[in-house]
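Colleague: My questions will all concern the structure given below.
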Amino acid sequence: MTSTQTIRAAVLGASGYTGADLIRLAARHPNIEITALIAKAHAGQPLAKVYPHFASLDLPALVTSDEVDWNEVDVAFCGLPHGTAHSEIAKLPENVKVVDMSADFRLRDLGTYAQWYGGEHGAPELADGAVYGLTEHYRDAIADARLVACPGCYPTAVLLALLPLAKTGLIATDGIIIDAKSGVSGAGRSLKQNILFSEAGEGLSPYGVGTHRHVPEIEQELGAAAGTSVTVNFTPHLVPMTRGELCTCYVQLGTGKTADDARQGLEDAYAGSPFVRVVEEGVIPATQHVRGSNYCHIGVFADRIPGRAIVISTIDNLVKGSAGQALQNFNVMYGLDETTALEQLPLFP
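Residues 1137 to 1485 (the working numbering) make up the sequence shown, in order.
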(Lines of atoms letter the chains of each structure in order from A and count residues from 1; the text may use other names and numbers.)
(Lines give C-alpha, C1' and ligand atoms only; values in the text may rest on other atoms or scores of the structure.)
Protein backbone atom coordinates (compact mmCIF):
# COMPACT_ATOMS: atom_id res chain seq x y z
CA MET A 1 0.00 0.00 0.00
CA THR A 2 1.09 3.61 -0.36
CA SER A 3 2.38 5.41 2.71
CA THR A 4 -0.25 8.13 2.18
CA GLN A 5 -3.26 5.81 2.28
CA THR A 6 -5.73 6.47 5.10
CA ILE A 7 -7.02 3.46 7.04
CA ARG A 8 -10.19 4.00 9.06
CA ALA A 9 -10.02 2.42 12.51
CA ALA A 10 -12.46 1.62 15.29
CA VAL A 11 -11.45 0.85 18.85
CA LEU A 12 -13.67 -1.53 20.83
CA GLY A 13 -13.16 -1.17 24.57
CA ALA A 14 -11.88 2.37 24.21
CA SER A 15 -12.37 3.16 27.89
CA GLY A 16 -10.01 0.42 29.15
CA TYR A 17 -6.28 0.81 29.64
CA THR A 18 -5.29 -1.18 26.56
CA GLY A 19 -7.83 0.66 24.41
CA ALA A 20 -6.62 4.00 25.73
CA ASP A 21 -2.97 3.22 25.07
CA LEU A 22 -3.87 2.07 21.56
CA ILE A 23 -5.58 5.43 20.97
CA ARG A 24 -2.54 7.28 22.36
CA LEU A 25 -0.25 5.53 19.87
CA ALA A 26 -2.65 5.48 16.91
CA ALA A 27 -3.34 9.21 17.23
CA ARG A 28 0.16 9.86 15.90
CA HIS A 29 0.03 7.24 13.15
CA PRO A 30 0.13 8.95 9.73
CA ASN A 31 -2.09 6.31 8.11
CA ILE A 32 -4.79 5.92 10.76
CA GLU A 33 -8.00 7.88 11.05
CA ILE A 34 -9.96 6.92 14.16
CA THR A 35 -13.59 6.90 13.05
CA ALA A 36 -15.27 5.11 15.98
CA LEU A 37 -14.60 4.72 19.70
CA ILE A 38 -16.74 2.05 21.35
CA ALA A 39 -17.29 1.90 25.09
CA LYS A 40 -20.74 0.73 26.09
CA ALA A 41 -20.66 1.97 29.69
CA HIS A 42 -19.55 5.47 28.63
CA ALA A 43 -21.52 5.83 25.39
CA GLY A 44 -22.42 9.41 24.59
CA GLN A 45 -19.49 10.91 26.45
CA PRO A 46 -16.41 12.52 24.93
CA LEU A 47 -13.28 10.43 25.46
CA ALA A 48 -11.62 13.34 27.27
CA LYS A 49 -14.21 13.00 30.05
CA VAL A 50 -13.04 9.44 30.67
CA TYR A 51 -9.36 10.17 29.97
CA PRO A 52 -8.53 13.88 30.39
CA HIS A 53 -5.07 13.41 28.89
CA PHE A 54 -6.76 13.13 25.46
CA ALA A 55 -8.29 16.61 25.70
CA SER A 56 -6.00 17.98 22.96
CA LEU A 57 -7.15 15.41 20.38
CA ASP A 58 -10.08 15.77 18.01
CA LEU A 59 -11.72 12.37 18.46
CA PRO A 60 -15.25 11.03 17.96
CA ALA A 61 -17.45 10.59 21.03
CA LEU A 62 -17.80 7.21 22.67
CA VAL A 63 -20.64 5.08 21.28
CA THR A 64 -22.03 1.57 21.44
CA SER A 65 -21.14 -0.95 18.75
CA ASP A 66 -24.67 -0.81 17.31
CA GLU A 67 -24.25 2.91 16.60
CA VAL A 68 -21.20 2.44 14.40
CA ASP A 69 -21.45 2.61 10.62
CA TRP A 70 -19.13 -0.29 9.85
CA ASN A 71 -18.98 0.80 6.22
CA GLU A 72 -16.76 3.60 7.55
CA VAL A 73 -14.31 1.18 9.21
CA ASP A 74 -11.43 -0.76 7.68
CA VAL A 75 -9.86 -2.22 10.83
CA ALA A 76 -11.04 -2.79 14.40
CA PHE A 77 -8.73 -2.85 17.39
CA CYS A 78 -10.39 -4.85 20.14
CA GLY A 79 -9.55 -4.21 23.80
CA LEU A 80 -12.56 -6.00 25.27
CA PRO A 81 -12.28 -8.56 28.11
CA HIS A 82 -11.94 -12.25 27.32
CA GLY A 83 -15.29 -13.97 26.95
CA THR A 84 -16.76 -10.78 25.51
CA ALA A 85 -14.48 -10.11 22.58
CA HIS A 86 -15.30 -13.21 20.50
CA SER A 87 -19.04 -12.48 20.34
CA GLU A 88 -18.46 -8.83 19.38
CA ILE A 89 -15.85 -9.67 16.77
CA ALA A 90 -18.18 -12.29 15.25
CA LYS A 91 -20.68 -9.51 14.52
CA LEU A 92 -18.24 -7.48 12.43
CA PRO A 93 -18.46 -7.45 8.61
CA GLU A 94 -15.98 -9.79 6.94
CA ASN A 95 -14.24 -6.93 5.18
CA VAL A 96 -13.19 -5.38 8.51
CA LYS A 97 -9.78 -6.58 9.66
CA VAL A 98 -9.37 -7.24 13.37
CA VAL A 99 -6.46 -6.82 15.76
CA ASP A 100 -7.64 -8.41 18.99
CA MET A 101 -5.92 -7.66 22.30
CA SER A 102 -8.11 -10.06 24.32
CA ALA A 103 -7.39 -13.73 25.00
CA ASP A 104 -10.29 -15.06 22.93
CA PHE A 105 -8.36 -16.14 19.83
CA ARG A 106 -4.89 -16.90 21.21
CA LEU A 107 -5.39 -20.59 21.96
CA ARG A 108 -5.59 -22.91 18.96
CA ASP A 109 -7.31 -25.71 20.90
CA LEU A 110 -10.81 -24.53 21.80
CA GLY A 111 -11.09 -27.28 24.41
CA THR A 112 -8.10 -25.71 26.16
CA TYR A 113 -9.82 -22.33 25.89
CA ALA A 114 -12.97 -23.68 27.53
CA GLN A 115 -10.91 -25.27 30.32
CA TRP A 116 -8.95 -22.13 31.21
CA TYR A 117 -11.52 -19.44 30.45
CA GLY A 118 -14.60 -21.08 31.89
CA GLY A 119 -16.86 -21.45 28.87
CA GLU A 120 -17.19 -22.59 25.29
CA HIS A 121 -15.80 -20.35 22.59
CA GLY A 122 -18.46 -18.21 20.95
CA ALA A 123 -16.92 -17.94 17.48
CA PRO A 124 -15.16 -21.21 16.59
CA GLU A 125 -15.55 -20.45 12.88
CA LEU A 126 -13.20 -17.47 13.32
CA ALA A 127 -10.73 -19.18 15.65
CA ASP A 128 -9.35 -21.45 12.92
CA GLY A 129 -8.25 -18.48 10.84
CA ALA A 130 -6.79 -16.39 13.66
CA VAL A 131 -3.04 -15.76 13.59
CA TYR A 132 -1.07 -15.54 16.82
CA GLY A 133 0.25 -11.99 16.91
CA LEU A 134 3.76 -12.31 18.31
CA THR A 135 5.10 -10.10 15.56
CA GLU A 136 8.74 -11.16 15.60
CA HIS A 137 7.84 -14.82 15.09
CA TYR A 138 4.73 -14.69 12.86
CA ARG A 139 5.34 -11.75 10.49
CA ASP A 140 4.54 -13.65 7.28
CA ALA A 141 1.26 -15.06 8.58
CA ILE A 142 0.27 -11.72 10.12
CA ALA A 143 0.80 -9.96 6.80
CA ASP A 144 -1.96 -12.07 5.19
CA ALA A 145 -4.32 -12.30 8.19
CA ARG A 146 -7.80 -10.92 8.62
CA LEU A 147 -7.82 -11.61 12.39
CA VAL A 148 -4.69 -11.29 14.53
CA ALA A 149 -4.76 -12.40 18.18
CA CYS A 150 -2.19 -10.39 20.10
CA PRO A 151 -0.42 -12.37 22.84
CA GLY A 152 -0.90 -11.68 26.52
CA CYS A 153 1.64 -9.46 28.22
CA TYR A 154 3.36 -12.27 30.17
CA PRO A 155 3.58 -14.58 27.14
CA THR A 156 5.05 -11.74 25.08
CA ALA A 157 7.93 -11.24 27.52
CA VAL A 158 8.48 -14.96 28.09
CA LEU A 159 8.20 -16.11 24.50
CA LEU A 160 10.45 -13.42 23.08
CA ALA A 161 13.08 -14.64 25.54
CA LEU A 162 12.63 -18.39 25.12
CA LEU A 163 11.18 -19.22 21.70
CA PRO A 164 14.45 -18.95 19.73
CA LEU A 165 16.23 -20.99 22.40
CA ALA A 166 13.61 -23.76 22.43
CA LYS A 167 13.45 -23.87 18.64
CA THR A 168 17.19 -24.39 18.21
CA GLY A 169 17.77 -26.72 21.15
CA LEU A 170 19.85 -24.17 23.06
CA ILE A 171 17.68 -24.96 26.09
CA ALA A 172 15.84 -28.06 27.25
CA THR A 173 12.07 -27.88 27.29
CA ASP A 174 11.67 -29.49 30.71
CA GLY A 175 12.39 -27.83 34.02
CA ILE A 176 11.53 -24.29 32.86
CA ILE A 177 10.70 -22.04 35.81
CA ILE A 178 9.29 -18.56 35.15
CA ASP A 179 9.13 -15.91 37.88
CA ALA A 180 7.04 -13.04 36.48
CA LYS A 181 6.17 -9.59 37.82
CA SER A 182 3.82 -6.96 36.46
CA GLY A 183 2.54 -3.50 37.29
CA VAL A 184 -1.01 -2.93 38.49
CA SER A 185 -2.30 -1.69 35.12
CA GLY A 186 -2.17 -5.31 33.97
CA ALA A 187 -5.25 -5.95 36.11
CA GLY A 188 -7.32 -3.50 34.06
CA ARG A 189 -9.32 -0.42 35.06
CA SER A 190 -12.32 -2.04 36.74
CA LEU A 191 -12.59 -1.79 40.51
CA LYS A 192 -10.96 -4.71 42.34
CA GLN A 193 -10.08 -4.83 46.02
CA ASN A 194 -6.56 -6.23 45.54
CA ILE A 195 -5.51 -3.32 43.32
CA LEU A 196 -6.72 -0.53 45.58
CA PHE A 197 -3.79 1.73 46.49
CA SER A 198 -3.84 0.74 50.16
CA GLU A 199 -4.00 -2.96 49.23
CA ALA A 200 -1.37 -3.08 46.45
CA GLY A 201 0.97 -0.31 47.56
CA GLU A 202 4.17 -1.02 49.49
CA GLY A 203 3.91 -4.74 48.96
CA LEU A 204 4.63 -7.58 46.56
CA SER A 205 2.17 -10.42 46.14
CA PRO A 206 1.94 -13.53 43.96
CA TYR A 207 -1.39 -14.38 42.39
CA GLY A 208 -2.85 -17.02 40.10
CA VAL A 209 -0.37 -19.47 41.58
CA GLY A 210 -0.38 -22.57 39.38
CA THR A 211 -3.57 -21.43 37.65
CA HIS A 212 -2.77 -18.30 35.63
CA ARG A 213 -4.50 -18.24 32.25
CA HIS A 214 -1.37 -17.27 30.35
CA VAL A 215 0.22 -20.65 31.11
CA PRO A 216 -1.42 -22.61 28.25
CA GLU A 217 -0.49 -19.82 25.83
CA ILE A 218 3.17 -20.05 26.82
CA GLU A 219 3.11 -23.85 26.62
CA GLN A 220 1.33 -23.80 23.26
CA GLU A 221 3.98 -21.63 21.62
CA LEU A 222 7.02 -23.23 23.25
CA GLY A 223 5.68 -26.65 22.29
CA ALA A 224 5.16 -25.58 18.69
CA ALA A 225 8.71 -24.20 18.51
CA ALA A 226 10.32 -27.25 20.09
CA GLY A 227 8.13 -29.82 18.35
CA THR A 228 7.15 -31.48 21.61
CA SER A 229 4.75 -31.04 24.51
CA VAL A 230 6.01 -28.48 27.03
CA THR A 231 4.96 -27.85 30.63
CA VAL A 232 6.28 -24.83 32.51
CA ASN A 233 6.27 -23.65 36.10
CA PHE A 234 4.89 -20.09 36.01
CA THR A 235 4.12 -17.76 38.91
CA PRO A 236 3.12 -14.10 38.40
CA HIS A 237 3.44 -11.33 41.00
CA LEU A 238 1.76 -7.95 41.41
CA VAL A 239 4.24 -5.10 41.84
CA PRO A 240 3.18 -1.67 43.20
CA MET A 241 3.93 0.28 40.03
CA THR A 242 1.66 1.31 37.18
CA ARG A 243 3.51 0.02 34.12
CA GLY A 244 6.13 -2.58 33.51
CA GLU A 245 6.76 -6.27 33.42
CA LEU A 246 9.81 -8.40 34.09
CA CYS A 247 10.14 -12.16 33.66
CA THR A 248 13.04 -14.17 35.07
CA CYS A 249 13.26 -17.57 33.40
CA TYR A 250 15.38 -20.38 34.86
CA VAL A 251 16.29 -22.93 32.19
CA GLN A 252 18.38 -26.03 31.59
CA LEU A 253 20.83 -25.46 28.76
CA GLY A 254 21.00 -27.89 25.86
CA THR A 255 23.73 -30.54 25.96
CA GLY A 256 27.11 -28.88 25.61
CA LYS A 257 25.61 -25.39 25.37
CA THR A 258 26.57 -22.32 27.41
CA ALA A 259 24.94 -19.06 28.42
CA ASP A 260 27.10 -17.36 25.79
CA ASP A 261 25.66 -19.70 23.16
CA ALA A 262 22.15 -18.79 24.27
CA ARG A 263 22.92 -15.07 24.11
CA GLN A 264 24.37 -15.44 20.61
CA GLY A 265 21.33 -17.47 19.55
CA LEU A 266 19.02 -14.66 20.66
CA GLU A 267 21.15 -12.04 18.94
CA ASP A 268 20.98 -14.02 15.70
CA ALA A 269 17.23 -14.54 16.00
CA TYR A 270 16.47 -10.85 16.51
CA ALA A 271 19.06 -9.30 14.20
CA GLY A 272 16.27 -7.94 11.98
CA SER A 273 13.80 -7.05 14.74
CA PRO A 274 13.74 -3.33 15.59
CA PHE A 275 12.09 -3.66 19.00
CA VAL A 276 13.94 -6.58 20.60
CA ARG A 277 17.34 -5.81 22.09
CA VAL A 278 19.59 -8.48 23.54
CA VAL A 279 21.60 -6.51 26.08
CA GLU A 280 25.35 -6.81 26.46
CA GLU A 281 26.87 -9.40 28.77
CA GLY A 282 26.55 -8.28 32.39
CA VAL A 283 23.79 -5.72 31.74
CA ILE A 284 20.65 -6.49 33.77
CA PRO A 285 17.31 -5.65 32.09
CA ALA A 286 14.96 -3.50 34.17
CA THR A 287 11.41 -2.25 33.66
CA GLN A 288 12.53 1.39 33.78
CA HIS A 289 14.67 0.79 30.69
CA VAL A 290 11.61 0.17 28.47
CA ARG A 291 8.79 2.11 30.18
CA GLY A 292 6.37 3.71 27.73
CA SER A 293 8.06 2.11 24.72
CA ASN A 294 7.52 -0.86 22.42
CA TYR A 295 10.93 -2.32 23.23
CA CYS A 296 11.81 -5.64 24.83
CA HIS A 297 15.19 -6.06 26.51
CA ILE A 298 16.58 -9.56 27.09
CA GLY A 299 19.61 -10.57 29.13
CA VAL A 300 21.25 -13.98 29.56
CA PHE A 301 23.29 -15.06 32.59
CA ALA A 302 25.07 -18.26 33.54
CA ASP A 303 23.53 -19.82 36.63
CA ARG A 304 25.81 -20.94 39.45
CA ILE A 305 24.17 -24.34 38.97
CA PRO A 306 26.16 -26.08 36.19
CA GLY A 307 24.27 -26.49 32.93
CA ARG A 308 21.61 -23.91 33.74
CA ALA A 309 21.06 -20.29 32.69
CA ILE A 310 18.89 -17.36 33.76
CA VAL A 311 17.13 -15.44 30.99
CA ILE A 312 15.58 -12.09 31.95
CA SER A 313 13.19 -10.13 29.73
CA THR A 314 11.35 -6.88 30.33
CA ILE A 315 8.62 -4.95 28.51
CA ASP A 316 6.02 -2.27 29.14
CA ASN A 317 2.92 -4.41 29.66
CA LEU A 318 0.58 -1.87 28.03
CA VAL A 319 2.79 -1.17 25.00
CA LYS A 320 4.83 -4.15 23.77
CA GLY A 321 2.60 -6.31 25.98
CA SER A 322 -0.61 -5.05 24.38
CA ALA A 323 -1.37 -1.84 22.44
CA GLY A 324 2.09 -1.32 20.95
CA GLN A 325 2.25 -4.89 19.70
CA ALA A 326 -1.25 -4.46 18.28
CA LEU A 327 -0.11 -1.42 16.31
CA GLN A 328 3.05 -3.25 15.23
CA ASN A 329 0.85 -6.06 13.88
CA PHE A 330 -1.37 -3.50 12.15
CA ASN A 331 1.67 -2.11 10.38
CA VAL A 332 2.63 -5.58 9.17
CA MET A 333 -0.94 -6.33 8.05
CA TYR A 334 -0.99 -3.22 5.87
CA GLY A 335 2.55 -3.46 4.53
CA LEU A 336 3.77 -0.40 6.42
CA ASP A 337 7.10 0.09 8.11
CA GLU A 338 6.87 -2.00 11.26
CA THR A 339 8.05 0.86 13.47
CA THR A 340 5.50 3.45 12.31
CA ALA A 341 4.10 5.42 15.28
CA LEU A 342 6.12 3.25 17.65
CA GLU A 343 9.43 5.08 17.50
CA GLN A 344 9.12 6.73 20.93
CA LEU A 345 12.03 6.03 23.27
CA PRO A 346 11.52 4.73 26.80
CA LEU A 347 10.43 7.30 29.37
CA PHE A 348 13.14 7.75 31.98
CA PRO A 349 13.32 8.51 34.83
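Just so you know, even glycine gets a beta-carbon here, dropped at the ideal spot from N, CA and C.
Looking at Ala1226: is its Cβ nearer than 7 angstroms to the Cβ of Ala1259?
Modeller: Yes, Cβ-Cβ distance for Ala1226 and Ala1259 is below 7 angstroms.
Colleague: What are the complete beta strand (DSSP E) segments, minimum 3 residues, inside the segment 1401-1470?
Modeller: Counting only runs of 3 or more, we get 1412-1414, 1432-1438 and 1444-1451.
Colleague: Using only CA atoms, which one of Gln1480, Asp1397, Asn1467 and Val1387 lies nearest to Ile1441?
Modeller: Among Gln1480, Asp1397, Asn1467 and Val1387, the Cα nearest to that of Ile1441 is on Val1387.
Colleague: By the DSSP assignment, the beta strand (DSSP E) with Ile1313 in it spans what residues?
Modeller: Start and end: Ile1313 to Ser1318.
Colleague: Pull up the DSSP beta-bridge partners for Arg1144, would you.
Modeller: Arg1144 is bridged to Glu1169.
Colleague: Quick one: Cα of Ala1239 to Cα of Thr1220, how far?
Modeller: For Ala1239 and Thr1220, the distance between alpha carbons rounds to 10 angstroms.
Colleague: Answer with buried or exposed for Ala1302, where buried requires no fewer than 16 other C-beta atoms within 10 angstroms of its C-beta.
Modeller: Buried is the call here.
Colleague: Counting Cβ pairs closer than 8 angstroms, one from the segment 1367-1384 and one from the segment 1315-1322, do we hit at least three?
Modeller: Yes, the segment 1367-1384 is in contact with the segment 1315-1322.
Colleague: Comparing C-alpha positions only, which one of Ala1285, Leu1246, Asp1276 and Asp1194 sits nearest to Ala1212?
Modeller: Ala1212 has its Cα closest to that of Ala1285, out of Ala1285, Leu1246, Asp1276 and Asp1194.
Colleague: Please classify Asn1369: does DSSP put it in a helix, a strand, or coil?
Modeller: Asn1369: strand per DSSP, three-state reduction.
Colleague: Should Pro1485 be labelled buried (16 or more other beta-carbon atoms within 10 Å of its own) or exposed?
Modeller: Exposed is the call here.
Colleague: Enumerated in chain order, which unbroken segments of the alpha helix (DSSP H) with a length of 4 residues or greater are wholly contained in the segment 1254-1287?
Modeller: Entirely contained in the segment 1254-1287, the alpha helix (DSSP H) runs reaching 4 residues are, in chain order, 1260-1263 and 1271-1279.
Colleague: Since Asp1202 and Ile1143 are thought to touch, with beta carbons under 8 angstroms apart, how far apart are those beta carbons, to the nearest angstrom?
Modeller: Between Ile1143 and Asp1202 the Cβ distance is about 23 angstroms, and since that is not below 8 angstroms, they are no contact.
Colleague: How would you call Ile1420, buried or exposed, if buried means at least 16 neighbouring beta carbons within 10 angstroms?
Modeller: So Ile1420 ends up on the exposed side.
Colleague: Starting from Leu1389, trace the alpha helix (DSSP H) both ways and give me its first and last residue.
Modeller: Neither: Leu1389 is in no alpha helix (DSSP H) and is coded neither H nor E.
Colleague: Does DSSP put Pro1342 in a helix, a strand or coil?
Modeller: DSSP places Pro1342 in strand when its eight states are reduced to three.
Colleague: Return the first residue and the last residue of the alpha helix (DSSP H) that Ala1333 is part of.
Modeller: As written in the sequence, residue 1333 is Phe, which differs from the Ala given in the question. Per DSSP, Phe1333 belongs to the alpha helix (DSSP H) from Phe1333 to Ala1336.
Colleague: If you draw a straight line from the C-alpha of Glu1272 to the C-alpha of Leu1483, how long is it?
Modeller: Distance between the alpha carbons of Glu1272 and Leu1483: 23 angstroms.
Colleague: For Ser1151 and Tyr1343, what's the separation of their Cα atoms in angstroms?
Modeller: Approximately 25 angstroms, taken between the alpha carbons.
Colleague: Could you check which residue in Ala1308, Leu1298 and Leu1454 has the C-alpha nearest to that of Ile1354?
Modeller: Looking at the Cα atoms, Leu1298 is the closest of the given residues.
Colleague: Using DSSP's beta-bridge definition, name the partner residues of Cys1383.
Modeller: Beta-bridge pairing links Cys1383 to Ala1316 and Ser1449.
Colleague: For Pro1494, collect the residues of the same chain with a Cβ closer than 6 angstroms to its Cβ; drop the 5 residues on either side in sequence, then sort them by chain order.
Modeller: A question about residue 1494 goes unanswered here, because the residues of the chain that appear run from 1137 up to 1485.
Colleague: Locate the beta strand (DSSP E) running through Lys1233, then write down its first and last residues.
Modeller: Per DSSP, Lys1233 belongs to the beta strand (DSSP E) from Lys1233 to Asp1236.
Colleague: Got a sec? Which residues, its chain only, sit under 8 angstroms from Thr1378 by beta carbon, not counting five neighbours each side?
Modeller: Gly1319, Val1320 and Ser1321, listed in sequence order.
Colleague: Just reading off the beta strand (DSSP E) that Val1211 is part of, what are its end residues?
Modeller: Element bounds for Val1211: Val1211 to Cys1214.
Colleague: Looking only at its chain, what residues have a beta carbon closer than 7 angstroms to the beta carbon of His1348, apart from the 5 residues adjacent to it on each side?
Modeller: Around His1348: Phe1370 and Pro1372.
Colleague: Could you name the residues of the same chain whose beta carbon sits closer than 6 angstroms to that of Arg1242, not counting the 5 residues immediately before and after it, in chain order?
Modeller: These residues qualify, in order along the chain: Ala1285 and Glu1353.
Colleague: From Met1237, Leu1332 and Leu1262, pick the residue whose C-alpha is nearest to that of Pro1287; which is it?
Modeller: The option with the nearest alpha carbon to Pro1287 is Met1237.
Colleague: Please classify Ser1341: is it buried, with 16 or more other beta-carbons within 10 angstroms of its beta-carbon, or exposed?
Modeller: So Ser1341 ends up on the exposed side.
Colleague: Taking the alpha-carbon positions, what's the Ser1429 to Gly1460 distance?
Modeller: Ser1429 and Gly1460: Cα-Cα distance of roughly 8 angstroms.
Colleague: In or out: Phe1333 buried (at least 16 other Cβ within 10 Å) or exposed?
Modeller: Counting Cβ neighbours within 10 Å, Phe1333 comes out exposed, since fewer than 16 surround it.
Colleague: I'd like to confirm the pairing. Which residues does DSSP put opposite Leu1520 in its beta bridges?
Modeller: Residue 1520 lies beyond the stretch modelled for the chain, which goes from 1137 to 1485, so this question has no answer here.
Colleague: Return the residue from the list Ala1308, Ile1312 and Leu1306 that minimises the CA-CA distance to Val1294.
Modeller: If we check each option's Cα against that of Val1294, Ile1312 comes out closest.
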